[in-house]
Amino acid sequence: MDTLLTADIVASSPRFRRKSSTFVDAIHDLPEKADLAPAQLYSTESGRLFHSGRIVIITVGLPARGKTHMSVAMARYLRWLGVKTRIFHLGDYRRATIPYGQDIPDDYFFVNASASSVLLRQKIVKRCREDIYRFLNEENGQIAIYDAVNPSAAGRRSLANEFAKHEFETLFIESWCDDSRIIEENVRRVKISSPDVSIIIAKAAELSSSHTDSVAAGVSVDANSYKADGPLSEKGEDYAKKMTEILLKHRESEKQAMVDQAEPDYALKPLTVWTSTRRRTVETAKYLHEKGYKVRQRSQLSQLNPGVCEMKSERRIRQEYPEEVAKHELDPYHHRYPRAESYHDLAVRLEPIILELEREQNDLLIIAHESVLRVLYGYLMACNAADIPFLEFPRDEIIEIIPESYQNEARRIHVPGLPNEIIPGSPEDIKIPVIDEVLEKEGEVWSAAVAQLSRQIGFKSAYFMVSITAEYISVGGNRHPAAADWDVQSGVLAYGADNNVALWEPRDASNRGVYSVLVGHTEKVNVVRFYTCPTTGTKLLLTGAVDHTVRIWQADQSDPKRFAPVLTLEGHTGSVNAIATTAGADVIATGAADGTVIIWRVTVGESVKADLLETIPMKPRYFPLALALALLPTESQDRPMALAVAGTTNVVQVYAAESTITTTNFKISATLSGHEAWVRSLSFTADKGNKAGDLLLASASQDKYVRLWRFNRGEVSRPSVGDDADAVLGGLEPTLSNKAHQFGAAGSKYSVTFEALLFGNEDWVYTTAWNPNPERQQLLTASADNTLTIWEQDPVSGVWLSAERMGEISVQKGSTTATGSTGGFWIGLWSPDGNQVVSLGRTGSWRAWRYEAEMDVWVQILGITGHVRSANGIQWEPSGGYLLSTSADQTTRLHAQWNRHGIKSWHEFSRPQIHGYDLNCVDTLGPTRFVSGAEEKLLRVFNEPKPIAQLLERLCGFHQSPEGDLPDTAHIPVLGLSNQAVGEQAPADADVVDSVDVGQAHANQEILSNSTQPPLEDQLARYTLWPEHEKLYGHGYEISAVAVSHDRTLIATACKASSIDHAVVRLYDTSDWHEIRPSLAAHTLTITDLCFSTDDKYLLSVGRDRQWAVYRRSESDPSTFALMTSNPRGHSRMILDADWAPMLENQPPIFATAGRDNLMNVELLKMLNPDLIC
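Mapping to the UniProt record's numbering: the sequence shown position 1059 is 1059, numbers consecutive.
1. In chain order, what residues of the same chain have a beta carbon less than 8 Å from the beta carbon of Y333, not counting five sequence neighbours either side?
2. Tell me whether K165 sits in a helix, a strand or coil according to DSSP, three-state version.
3. Within 10 angstroms of its Cβ, does residue 1205 collect 16 or more other Cβ (buried), or is it exposed?
4. Spatial neighbours of L1164 within its chain, please: CB distance less than 6 Å, with the 5 preceding and 5 following residues excluded, ordered by chain position.
5. Indicate the three-state DSSP secondary structure (helix, strand or coil) for P1027 in the structure shown.
6. Once you ignore the five residues that flank T596 on each side, which residues in its own chain have a CB closer than 6 Å to its CB?
7. Give me whichever residues DSSP pairs with A644 in a beta bridge.
8. Does the contact criterion of 3 or more C-beta pairs under 8 Å hold for the stretch 1074-1092 versus the stretch 1101-1108?
9. Just list the beta strand (DSSP E) runs in the stretch 228-314, keeping only unbroken ones of 3 residues or longer that don't cross its boundaries, in chain order.
10. Taking buried to mean at least 16 other C-beta atoms within 10 Å of its own C-beta, is H480 buried or exposed?
11. According to DSSP, is Y406 part of a helix, a strand, or is it coil?
12. From L625, R359, P306, pick the residue whose C-alpha is nearest to that of A369; which is it?
13. Pull up the CB-CB distance for A586 and T573, whole angstroms please, since I reckon it's below 8 Å.
14. What is the DSSP secondary structure of W1140, counted as helix, strand or coil?
15. Evaluate contact between the stretch 852-860 and the stretch 891-909, counting only Cβ atoms and requiring at least three cross-stretch pairs below 8 Å.
16. Which of the three DSSP states is assigned to Y1037 in this structure?
17. Starting from the C-beta of L1050, find all residues in its chain whose C-beta is less than 6 Å away, skip the five residues before and the five after it, and write them out in chain order.
18. Would W553 and L541 qualify as a contact pair, given that the criterion is a beta-carbon distance under 7 Å?
19. Look at A888 and S910 and say whether their C-beta atoms are less than 7 Å apart.
20. Among the residues of its own chain, which have a CB less than 6 Å from the CB of D487, if the five just before and after it don't count?
21. For L696 versus L708, is the C-beta spacing smaller than 7 Å?
22. What three-state label does DSSP hand T582 in the structure shown?
23. Do you know how far the Cα of V566 is from the Cα of E606?
24. Whole angstroms is fine: what's the gap from V1110's alpha carbon to P1078's?
25. Let's see if you can read the secondary structure: which residues bound the beta strand (DSSP E) around K609?
26. Mapping DSSP to helix, strand and coil, what is G544?
27. With 16 as the cutoff for other CB atoms within 10 Å, does M1160 come out buried or exposed?
28. Please classify E358: does DSSP put it in a helix, a strand, or coil?
29. Please classify H1035: is it buried, with 16 or more other beta-carbons within 10 angstroms of its beta-carbon, or exposed?
30. Quick one: residues in its chain with C-beta nearer than 7 Å to the C-beta of S302, no 5 flanking neighbours on either side, listed in chain order?
31. Keeping to the same chain, check which residues put their C-beta closer than 6 Å to that of A502; ignore five residues upstream and five downstream.
32. Taking the CB atoms as reference points, tell me whether R713 and T753 lie closer together than 7 Å.
33. Measuring CB to CB, does W764 end up less than 7 Å from Q702?
34. Y333 by DSSP, collapsed to three states: which one?
35. Cutting at 6 Å between CB atoms, please list the residues of its own chain near Y1033, excluding the five before and the five after it.
36. With DSSP as the reference, please indicate the residues paired to F110 in a beta bridge.
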């Protein structure tokens, strides 16, 4: 944003440098040192930002059309962001070339100028262009603004071509104006005033009432603090009134001056007022608002957050934080005190304000705290970042900033008659709000006051230890074919659970389910693999995720079933989708959506290390979705290896490495064709029926087939092509060709041939897994047709056959996606001994089957379940008999403890609601009824079915005494909306449901009632739905919160809202389900949580507007509540949750709120004085 100031330009053009009121040409002068710009987020070695290359912005337009003003505005904003920008005013070069006092040739500006004038123009333009080239090429400049008329299209094309030779991008911006009054004014004053704004900044009164009562402890604190937001004091009111009067008088004097200059029709532009949302700034603008001026509150104009320095004097800050003070004095603009904002943070926060300020067409008055005014003034006047913290704004001055051509001009308007004690600005040393020494002494007795108050209300201090252990973890698995692995040695199954990794021991006799969750990835986990170090035997867990990383977790030596993070591998630039390992090798492979496979060597010593050996790009480019590694059979010590890669292509590529001892050099050796869609899974195994050490590779595809490929050491003779009379190969498609692919490695020859085609699935095949039992050669496949298939080779014919199919076969399949009956099985895994298999389905639940050798059948056994999307609400049954959870996966689930023979474990016992909308909140209406809210405008009430009550009593010991008979379980909803009890006739307005066999449904309910274990996933998805009892209408948007009173007579609800009209609490009477009018209003945005106090006398609400509100129950009419108190600034960011503490005798009600500001606030509703509220 600086113009090149050579000595001859300065000497020859005295009019060149326009001086501001501070006698500093802030727009055009270069900073003395290359500091970071005020709003610059990062820097580079070259000095260029945003990777957008070098740009020349060229202005177009006749004289006096605002080109220079536009150039300066662009440059000011770009320099503010840290973009190295310089303006090249061609007029300045003309004035520097033509000596001062010498006239410009008469035809200089005309197209048909004389030869001498043309030569003069070319000389000036050439000099300007050379400076542009020098700036962009040699000085690491990024944007050059060429401010000139550039009237002809031919000339502009010539400019673009010339700059293109230097690889500069060009952008032409035309300034067009046909208002003769504006043009005349521009010519006369050499500036633009009429079409632009006059920006006036004024300091807020900031003189609040002297003291307010503390929310937490009843001790007085200073209302001028950052957190307090009290009203203006009498002095503050007087300041606001005087400031308003002086400002309006000044505007009238400006108008009169224009009238005196022979402009009788001159009219002032409308005045718009911006304030922060703080009460004292709003009240400072009160008198302007009363006079009809438009006042807008802008949350971004809030003052600098002082963090830990809140309510501390400079002396105390220096005593308590000497290191922070030292850092602050080195860089007061960028330094940030603990939990505070820096001026740089404030500048970034104000960027939306700056953008709107540049677009404002009216005169603008900004009333804000001094820290905000410093940043805004720094932007408008192009101040250096280091100077911004030291700008002063006494309260007896209003600053008016007028946009000029070359830079803005600042004027100060004096406000007379103010008391001397309010005139000075903020302290100059520690540039954050601090308090007086007197107030500091009051703050020092804070702890003593709290302690005294605690004793008065009966609290006792005590120190005690609390031990917390995880009793139950319920979490669903990620729907990715590679997102789980079952370790052969430890028996631990690890699977991806959103951003985490869940650990489960399926063969644990106690059925405890998930026992640990590994946290580390920042995005969804796609792939999980166990790996054993061949030299040390150390067990590692490898996980890859959408966050482009592979994380390595090491098993604890004292407890091998516990894992801790030890290393993160970074090298991919896309989502990691596949990891391959092989026993006996220290080489692993990872594949990602960046179209590459990376080979790593993992070593375990005192620490775990991984070296990147090579990166293999996929050619032709595709994304690898499946990898498989295997050591090739050989007598060589080089340990050659084969790598199979497949993904978003219909072929399998085989790479071979000659040696893996020191390094790897994988080269493509074969391309296996035959599949007709993407290949989703690859797995190697040693052929147990072949003594030559052949390998079998299984590939599963979206074409519904599984192909087996044989890797054989030695050359294989090419088979003759079958003719039409061939009973086996004759007439089949070329995809069944048994072509032999041959390659060499480590001095040996290898061949790959097609072995078998496994067909029978009706949908995509996602995974393949070989039985780890060395005595059985079996392949397990999982398919989207909801089947798990075990394939075996017939010992006589050698043909691969389906030996067992498990899952949901044909007529057993459900009809809706909502129930989880469609969507298929994504993962199939073997147990270490090969006698158990598990499968992950669409609902995130794990099904399990165990082989019963005596009966030679596979029997389904208990698996684990969990939500697959965010759990949005949980609620205990009032007596603790069960726990309800509701989720964005559109299900509500009931969890309870199964007690048998001294063993206890938690399980999902019912899936009461399977909906068509994401569920947001839930609460219980006693042990046999609950209410839930979803992404719809109504709430639904459900009744517990009799089979579920009987099951909970038999297996959990939870006895219920319902009022009246309980209904049967509900039908599976077609649209996932209304649940209807079996045998009931649907009302006229009910949602349509499938016709079901009532007799079969009752038979299933009988089986469920007499079950000796928690329901299996199939039963949960079909036979445990609760019938819908009632719908509650009234809200205009999606439900966000629900709460039920402890006496079960009232339901409080709220919905999503962006205005006060919908940000209300609606109450419903549970006796007849009618809405109680009027609704309760206090909030302005969505209410996020509602909670009744334990005695039901109070209702608490919190919301996105950072506010909490307390409503008191009427003693005369217990069904109604009224607003008792609220705090519009309960937190600095939105409040997400709240709860009441248990009520204690003779003690005030206490509640806690938690917000996105990472704070939990504890509030006392009443203090010692019954009339004193929060």
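We put the beta carbon where it would ideally sit given N, CA and C, even for glycine.
All figures in this text were calculated on a predicted structure; none of them were measured in a lab.
On the basis of the data shown:
1. Taking the sequence shown and counting its residues from 1, the one referred to as residue 333 is at position 333. Counting only Cβ-Cβ distances below 8 Å, and skipping sequence neighbours, we find P38, S342, Y343, H344, A385, A386, I388, P389.
2. By 1-based counting over the sequence shown, the position of residue 165 is 165. K165: coil per DSSP, three-state reduction.
3. There is simply no residue 1205 to check, as the chain begins at 1 and stops at 1174 in what is shown.
4. The residue given as residue 1164 occupies position 1164 in the sequence shown. Cβ neighbours of L1164 beyond the five flanking positions: P1148, I1150.
5. The residue you call residue 1027 lines up with position 1027 of the sequence shown. It is coil, neither helix nor strand.
6. Residue numbering aside, residue 596 sits at position 596 when the sequence shown is read from its first letter. Here the set comprises T615, P617.
7. Here the question's residue 644 lines up with position 644 in the sequence shown. Paired residues: A628, V654.
8. Contact between the stretch 1074-1092 and the stretch 1101-1108 is present, because at least three Cβ pairs lie under 8 Å.
9. You should have 271-275, 294-297.
10. By one-based count along the sequence shown, residue 480 stands at place 480. Buried, by the Cβ-count rule.
11. By one-based count along the sequence shown, residue 406 stands at place 406. The answer is coil: DSSP assigns Y406 none of H, G, I, E or B.
12. As a working mapping, residue 369 is identified with position 369 in the sequence shown. The identity of residue 369 in the sequence shown is His, whereas the question assumes Ala. It is P306 whose Cα lies nearest to the Cα of H369.
13. Counting from one through the sequence shown, the residue named residue 586 turns up at place 586. Counting from one through the sequence shown, the residue named residue 573 turns up at place 573. The amino acid occupying residue 586 in the given sequence is Asp; Ala does not appear at that position. Their Cβ separation, rounded to whole angstroms, is 25 Å, which puts D586 and T573 out of contact at 8 Å.
14. The residue labelled residue 1140 in the question sits at position 1140 within the sequence shown. Of the three classes helix, strand and coil, the one that applies to W1140 here is strand, per DSSP.
15. Taking a contact to require three or more Cβ pairs closer than 8 Å, the stretch 852-860 and the stretch 891-909 do not qualify as touching.
16. Stepping through the sequence shown from its first residue, residue 1037 is reached at position 1037. Three-state result, Y1037: coil.
17. Here residue 1050 is taken as the residue at index 1050 of the sequence shown, counted from 1. Taken in chain order, the residues that qualify are L1067.
18. The residue labelled residue 553 in the question sits at position 553 within the sequence shown. The residue labelled residue 541 in the question sits at position 541 within the sequence shown. Contact annotation: W553 and L541 have beta-carbon atoms nearer than 7 Å.
19. Here residue 888 corresponds to residue number 888 of the sequence shown, with the count starting at 1. Here residue 910 corresponds to residue number 910 of the sequence shown, with the count starting at 1. No.
20. Taking the sequence shown and counting its residues from 1, one reaches residue 487 at position 487. Excluding five sequence positions before and after D487, the CB atoms of its chain that fall closer than 6 Å to its own CB belong to F530, given in chain order.
21. Residue mapping note: residue 696 aligns to position 696 of the sequence shown, counting from 1. Residue mapping note: residue 708 aligns to position 708 of the sequence shown, counting from 1. Judged by their CB atoms, L696 and L708 are nearer to each other than the 7 Å cut-off.
22. Sequence index remark: in the sequence shown, residue 582 carries index 582 (1-based). Secondary structure of T582 (DSSP, three-state): coil.
23. The residue given as residue 606 occupies position 606 in the sequence shown. The residue given as residue 566 occupies position 566 in the sequence shown. Their backbone Cα atoms lie some 11 Å apart in a straight line.
24. Residue mapping note: residue 1110 aligns to position 1110 of the sequence shown, counting from 1. Residue mapping note: residue 1078 aligns to position 1078 of the sequence shown, counting from 1. The alpha-carbon separation between V1110 and P1078 amounts to approximately 16 Å.
25. Taking the first residue of the sequence shown as 1, we reach residue 609 at position 609. Segment 608-617, the beta strand (DSSP E) holding K609.
26. Indexing the sequence shown from 1 puts residue 544 at position 544. Residue state for G544 is assigned as strand, using DSSP reduced to three classes.
27. The residue labelled residue 1160 in the question sits at position 1160 within the sequence shown. Classification for M1160: exposed.
28. For the purposes of this step, residue 358 is identified with residue 358 of the sequence shown, where counting begins at 1. Three-state result, E358: helix.
29. Position 1035 of the sequence shown holds residue 1035. Only buried fits H1035, as 16 or more other CB atoms lie within 10 angstroms of its CB.
30. Here residue 302 refers to the residue found at position 302 when the sequence shown is read from its first residue. The residues are S276, T277, R278.
31. Within the sequence shown, the letter at position 502 stands for residue 502. Cβ neighbours of A502 within its own chain (closer than 6 Å, five residues either side excluded): V475, Y495, V514, V517.
32. Here the question's residue 713 lines up with position 713 in the sequence shown. Here the question's residue 753 lines up with position 753 in the sequence shown. No, Cβ-Cβ distance for R713 and T753 is not below 7 Å.
33. Counting from 1 along the sequence shown, the entry for residue 764 is found at position 764. Counting from 1 along the sequence shown, the entry for residue 702 is found at position 702. Yes. Within cutoff.
34. Counting from one through the sequence shown, the residue named residue 333 turns up at place 333. In the three-state reduction of the DSSP assignment, Y333 falls in the coil class, being assigned neither a helical nor a strand state.
35. If you number the sequence shown from 1, residue 1033 lands on position 1033. Counting only Cβ-Cβ distances below 6 Å, and skipping sequence neighbours, we find L938.
36. Within the sequence shown, numbered from 1, the residue matching residue 110 stands at position 110. Paired residues: none, contrary to the question.
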